[in-house]
Amino acid sequence: MTEISIIIVNYNVKQLLLQCLKSIYSKANDTILIETIVIDNDSKDDSVAAVLKEFPQVILIENKFNAGFSAANNQGINIAKGEFIFLLNPDTEIVGDALSQLLNFMRSNTSCAVVAPQLLNSDKSIQPSVWKNHSVADLLIETFYLHKLFDLINYPDSKLNTTFEAKTASGAALFFRKKLVSKIGMLDENLFWMEDIDFCFRAQQHGSIIYLNTTQIIHHSGQSQKTNYNIAIANQLISKLKYYKKNSSVISVIAANIACFIFILTRLFAFSILMNIKEIYKLKAKAYFYSLKSFFKYLFLNDNSIYN
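This is the structure:
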């Protein structure tokens, strides 16, 4: 019987994907029965051919369009045979005996709903990957540049060197029992960038979310965001509004919409002034203009599109 189903969604990061798969199969313990499912979202960089050639044991789903992160992960969950699901980004690498450690921890802690391993940056420094519950207050604070004074989301850096019960965790590496999905449902396909937060928010009702600092995964983060700021920023902001609408009161949702509008305008104004200094400022100015149009479409036309 398959014990762990590792699910990886890929989109145009062939080399990182191959590196990830290599780390899985080089570090996998022979005593653990795993299957690896790769869902490719219509990559144009020959990712599919490379996986078929170098890792024929992988179960490969080839989408003919970019289905998005949530929908593609749900495809993998639907066909997974494992007792446990491990959602893993393609820009990650397994460190040491991480798979065995995650499996053993979950089997020894039946009250645990989700385990989040410690994520490391490319330089092996600790990457913040667990947070407190997200609320509208967080967006309000960030809108007015007060997040350096009032940090309601992040745990102290010192805490990331310990194992503790967190509230939400990064979807770059989430480990849970497959039967959890029958209780809370799969990833919300209407969200992008907040789908992991929403999943953990629902999972809290059925057990604890544990940050396991003794188990590590390297996460070369930010690769997709660098390629298209329009998509990254628009999805990030609109998904926050969708998340608040789903999990907050009407008054909070109104406050979030107002805060988001101010957030976009202030960043658009700032980057428009700076756009002639550096190319990145020009890209971000365009991205916030794109996000402003997306915001109006969401607010007035009820457009819930995921931007790919």
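Going left to right, the sequence shown walks through residues 1 to 308 as the working numbering numbers them.
Here a beta-carbon is modelled for each residue, glycine too, at the ideal position from N, C-alpha and C.
Item: Indicate the three-state DSSP secondary structure (helix, strand or coil) for residue 189 in the structure shown.; Value: coil
Item: Quick check: the Cα distance between residue 220 and residue 239, rounded to an integer number of angstroms?; Value: 23 Å
Item: Which value, in whole angstroms, describes the spacing of the CA atoms of residue 230 and residue 46?; Value: 24 Å
Item: Would the C-beta of residue 160 count as close to the ligand MN, meaning under 7 Å from any of its heavy atoms?; Value: Because no ligand of any kind appears in the structure shown, any question about the ligand MN cannot be addressed here.
Item: Rounding to the nearest angstrom, what Cα-Cα distance links residue 106 and residue 112 in this structure?; Value: 7 Å
Item: Could you tell me which uninterrupted alpha helix (DSSP H) segments, each at least 4 residues in length, are contained entirely in the segment 61 to 120, listed from first to last along the chain?; Value: 69 to 79 and 98 to 108
Item: Here's the rule I'm using: 16 or more other beta-carbon atoms within 10 Å means buried, otherwise exposed. How should residue 185 be labelled?; Value: exposed
Item: Could you give the distance in angstroms between the alpha-carbon of residue 306 and the alpha-carbon of residue 70?; Value: 10 Å
Item: Quick test of the definition: if touching needs 3 or more C-beta pairs under 8 Å, does the segment 109 to 126 touch the segment 27 to 42?; Value: no
Item: State yes or no: is the C-beta of residue 117 within less than 8 Å of the C-beta of residue 36?; Value: no
Item: Taking contact to mean 3 or more Cβ pairs, one atom from each stretch, closer than 8 Å, check whether the segment 263 to 272 and the segment 154 to 163 are in contact.; Value: no
Item: Find the nearest neighbour of residue 246 within the set 281, 297, 206 and 304, judged by alpha-carbon distance.; Value: 304
Item: Closer than 8 Å by C-beta to residue 14: which residues in its own chain qualify, once you throw out the five before and the five after it? Chain order, please.; Value: 43, 45, 46, 47 and 50
Item: Exposed or buried, residue 149, counting other C-beta atoms within 10 Å across all chains shown (16 or more means buried)?; Value: exposed
Item: Around the C-beta of residue 124, are 16 or more other C-beta atoms found within 10 angstroms, so that it is buried, or is it exposed?; Value: exposed
Item: Give a yes or no on contact between the segment 285 to 300 and the segment 166 to 179, applying the rule of three or more CB pairs nearer than 8 Å.; Value: no
Item: Rounding to the nearest angstrom, what Cα-Cα distance links residue 90 and residue 237 in this structure?; Value: 23 Å
Item: Which residues bound the beta strand (DSSP E) around residue 172?; Value: Premise fails: residue 172 is in no beta strand (DSSP E) and is neither H nor E.
Item: Can you name, in chain order, every residue of its own chain whose Cβ lies under 6 Å from the Cβ of residue 40, other than the five neighbours on each side?; Value: 10, 47, 48 and 62
Item: Between the C-alpha atoms of residue 292 and residue 257, what's the straight-line distance to the nearest angstrom?; Value: 12 Å
Item: Closest to residue 193 by C-alpha separation, out of 243, 250, 206 and 290, would be which residue?; Value: 243
Item: For residue 212, does the three-state DSSP call read helix, strand or coil?; Value: strand
Item: Alpha carbon to alpha carbon, how far is residue 206 from residue 183?; Value: 8 Å
Item: For residue 164, which of helix, strand or coil comes out of DSSP?; Value: strand
Item: Between the segment 22 to 29 and the segment 81 to 97, do three or more beta carbon pairs fall short of 8 Å?; Value: yes
Item: Just the C-alpha distance for residue 211 and residue 1, rounded to the nearest angstrom, thanks.; Value: 27 Å
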